[in-house]
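Colleague:
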Amino acid sequence: MANTVSKGVRRMTERVGRHHVREEIQRRILSGESKPGERLSQQSLARELGVAQGTVRESLIELQWLGLVDSVDHLGVFVRDLDISRICEAYEVREMLEGLSARLCCGHAARTDIADLRKMADEVFALAKKGKTEEMASLDRKFHFHIIELSRNSILLRLAETYKVLGMIVRASREPKVIHAEHLRIVDAIEANLTEEAERLARQHVAGASHAIQEQASKGKFVPKWVG
């Protein structure tokens, strides 16, 4: 019995460790700290992060699946170029999934959930007006992810964990008033149990962000930034 418990704890520790290692390597790539084409040494990363080399190897396999790194036979693992097309592809997936999440929320969100969403939307707007872009972007991300959590769909939640890596909240330079109004309309539709309207508004909101990113990219002004 003791051995079984010990093995279970060890497996849990390994999963937590791998999660943190993946998040850290991912952060470095998306923040630009690790540059496209840079070779990622498993041995160096393991030593630097204080984990087993096998943990780094498994983390890099997950990041390869997400499209952030490439593995080249006999040469190693390299950082991929995060171009605008990949970000827009991620936003296409995000549009579909967040639309479905908003629809499912209509049957699950309680009054306290609605109040929490409204409060978050108002705080996002307040932070934007104060010019606190880092805090605003982080809270905006939490607002969207909370809607996915409220869908009570475990598969959606797992998919969202994946696409948010590439569909990260970026500085799309949209008007804060517009974003705030869109957020509140989504919450109103969820509260009124208007499933089709909630889905339509959520998809429209994500599509608006994607359009803004593409417009900035066409002018050479878009730079992807990691938001924690």
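In our numbering, the protein residues as written are 13 to 240. Each residue gets a CB set at the ideal place from its N, CA and C atoms; glycine is no exception.
#1: Can you tell me where the beta strand (DSSP E) with V2 in it begins and where it stops?
#2: So, at 8 Å on beta carbons, what are the nonlocal neighbours of G49 in its own chain, with the 5 sequence-adjacent residues on each side left out?
#3: From which residue to which residue does the beta strand (DSSP E) around F90 run?
#4: Thinking I126 and V199 are a contact (beta carbons under 8 Å), I'd like their distance in whole angstroms, please.
#5: CB-CB under 8 Å to D85, same chain, minus the five flanking residues each way: which ones, in chain order?
#6: Mapping the DSSP letters down to three states, classify L112 as helix, strand or coil.
#7: Per DSSP, L52 is paired with what?
#8: How many Å lie between L78 and A229 at the Cα?
#9: Whose C-alpha, out of I96, Q55, R197, is nearest the C-alpha of L42?
#10: Below 6 Å CB to CB, which residues in the same chain sit around H245 once its five sequence neighbours on both sides are set aside?
#11: So, for A305: in the same chain, excluding its five sequence neighbours on each side, which residues have a beta-carbon less than 7 Å away from its beta-carbon?
#12: Under 6 Å Cβ to Cβ from K51, same chain only, skipping five residues before and after it: list those, please.
#13: For S43, does the three-state DSSP call read helix, strand or coil?
#14: Name the one or two DSSP bridge partners that S83 has.
#15: Would you tell me roughly how many angstroms separate the C-alpha atoms of L112 and L168, rounded to the nearest one?
#16: Are the segment 57-65 and the segment 27-40 touching by the rule of at least three beta carbon pairs closer than 8 Å?
#17: What does the Cβ neighbour count give for E208, buried or exposed, with the cut at 16 atoms within 10 Å?
Modeller: The structure says:
#1: The shown model of the chain, from 13 to 240, leaves out residue 2, and the question about it has no answer.
#2: What you label residue 49 is simply residue 37 of the sequence shown in a count that begins at 1. Around G49: F90, V91, D93.
#3: To locate residue 90, count along the sequence shown from 1; it is residue 78. DSSP places F90 inside the beta strand (DSSP E), whose first and last residues are 88-91.
#4: For the purposes of this step, residue 126 is taken as the residue at position 114 of the sequence shown. For the purposes of this step, residue 199 is taken as the residue at position 187 of the sequence shown. The C-beta distance from I126 to V199 rounds to 6 Å, short enough to meet the 8 Å contact threshold.
#5: Looking up residue 85 in the sequence shown gives position 73. Closer than 8 Å at the Cβ level, and outside the excluded window around D85, lies no residue.
#6: The residue given as residue 112 occupies position 100 in the sequence shown. L112 falls in the helix class under three-state DSSP.
#7: Working through the sequence shown from its first residue, we reach residue 52 at position 40. For L52, the beta-bridge partners assigned by DSSP are V89.
#8: Locating residue 78 in the sequence shown gives position 66, counting from the first residue. Locating residue 229 in the sequence shown gives position 217, counting from the first residue. As the crow flies, the alpha-carbon of L78 is around 22 Å from that of A229.
#9: Taking the sequence shown and counting its residues from 1, one reaches residue 42 at position 30. Scanning I96, Q55, R197 for the CA closest to the CA of L42 turns up I96.
#10: This structure cannot settle anything about residue 245, because the visible part of the chain is limited to 13 through 240.
#11: The shown model of the chain, from 13 to 240, leaves out residue 305, and the question about it has no answer.
#12: As a position in the sequence shown, residue 51 is number 39, starting the count at 1. Correcting the residue type first, residue 51 is Arg in the shown sequence and not Lys. Closer than 6 Å at Cβ, skipping near neighbours: G88, F90.
#13: For the purposes of this step, residue 43 is taken as the residue at position 31 of the sequence shown. Reduced to three states, the DSSP call for S43 is helix.
#14: Here residue 83 corresponds to residue number 71 of the sequence shown, with the count starting at 1. When DSSP reads this structure, S83 sits in a beta bridge with V89.
#15: Taking the first residue of the sequence shown as position 1, residue 112 is located at position 100. Taking the first residue of the sequence shown as position 1, residue 168 is located at position 156. Each residue's Cα considered, the two are about 9 Å apart.
#16: The segment 57-65 vs the segment 27-40: in contact.
#17: Counted from its first residue, the sequence shown places residue 208 at position 196. A residue is called buried when at least 16 other Cβ atoms come within 10 angstroms of its Cβ; E208 does not meet this threshold and is exposed.
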